[in-house]
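Written below as structure tokens is the structure these notes are about.
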Amino acid sequence: MYDSTCKFIALEYSRDLATWLLGKPLDLTEIKPSELSLEPIRADSLIFLESEELILHIEFQTDILRMVASRDGRWLVTGDRDSAIALWRGI
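For reference, each letter of the sequence shown is one residue, going 2 to 92 in our numbering.
Here you go:
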């Protein structure tokens with residue numbers, strides 16, 4: 002259920018996600034991961050979206066326990082079951 006919901010949000014609201022992460026709206030189309038790499042995919046859900054300017058890689062992990070966004074929306078911090086903390090920056 003989690004993966005389906007995240008994938009739906011990423012695909013249906015890709016323009017909103019790009020605006021939030023990159024600070025500007027982009028029209029994006031989905032690229033199948035098999036078109037980009039032969040390496041095995043280790044993420045629970047992996048989505049690549051493409052515009053004329055860039056490829057946006059969106060990855061979802063079900064082990065994330067906490068997620069906090071900065072007030073300006075440019076930074077995201079996640080924590081998982083392995084006590085790893087990741088800092089994500091929107092450009």
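Cβ atoms here follow ideal geometry from the backbone N, Cα and C, with glycine treated the same way.
To the nearest angstrom, how far is the alpha carbon of residue i from that of residue j?
i: P26; j: S52; result: 10 Å
i: I58; j: L50; result: For the sequence presented, residue 58 should be read as His rather than Ile. Rounded to the nearest angstrom, the two C-alpha atoms are 7 Å apart.
i: M68; j: L88; result: 10 Å
i: F9; j: A85; result: 26 Å
i: G24; j: L55; result: 14 Å
i: D73; j: S15; result: 19 Å
i: E31; j: D17; result: 15 Å
Less than 7 Å between C-beta atoms, sequence neighbours within five positions excluded: which residues of the same chain meet that for residue i?
i: R90; result: R75, W76
i: A19; result: P26, L27, L29, L57
I need the DSSP call for residue i, collapsed to helix, strand or coil.
i: A70; result: strand
i: E31; result: strand
i: E54; result: coil
Per DSSP, residue i is paired with what?
i: L77; result: A70, W89
i: L23; result: Paired residue(s): none; L23 is not in a bridge.
i: I65; result: D81
Excluding the 5 residues flanking residue i on each side, which residues of the same chain have their C-beta closer than 6 Å to its C-beta?
i: I65; result: T79, D81
i: A70; result: L77
i: E13; result: none
Leaving out five residues before and five after residue i in sequence, what residues of the same chain have Cβ atoms less than 8 Å from its Cβ?
i: S5; result: none
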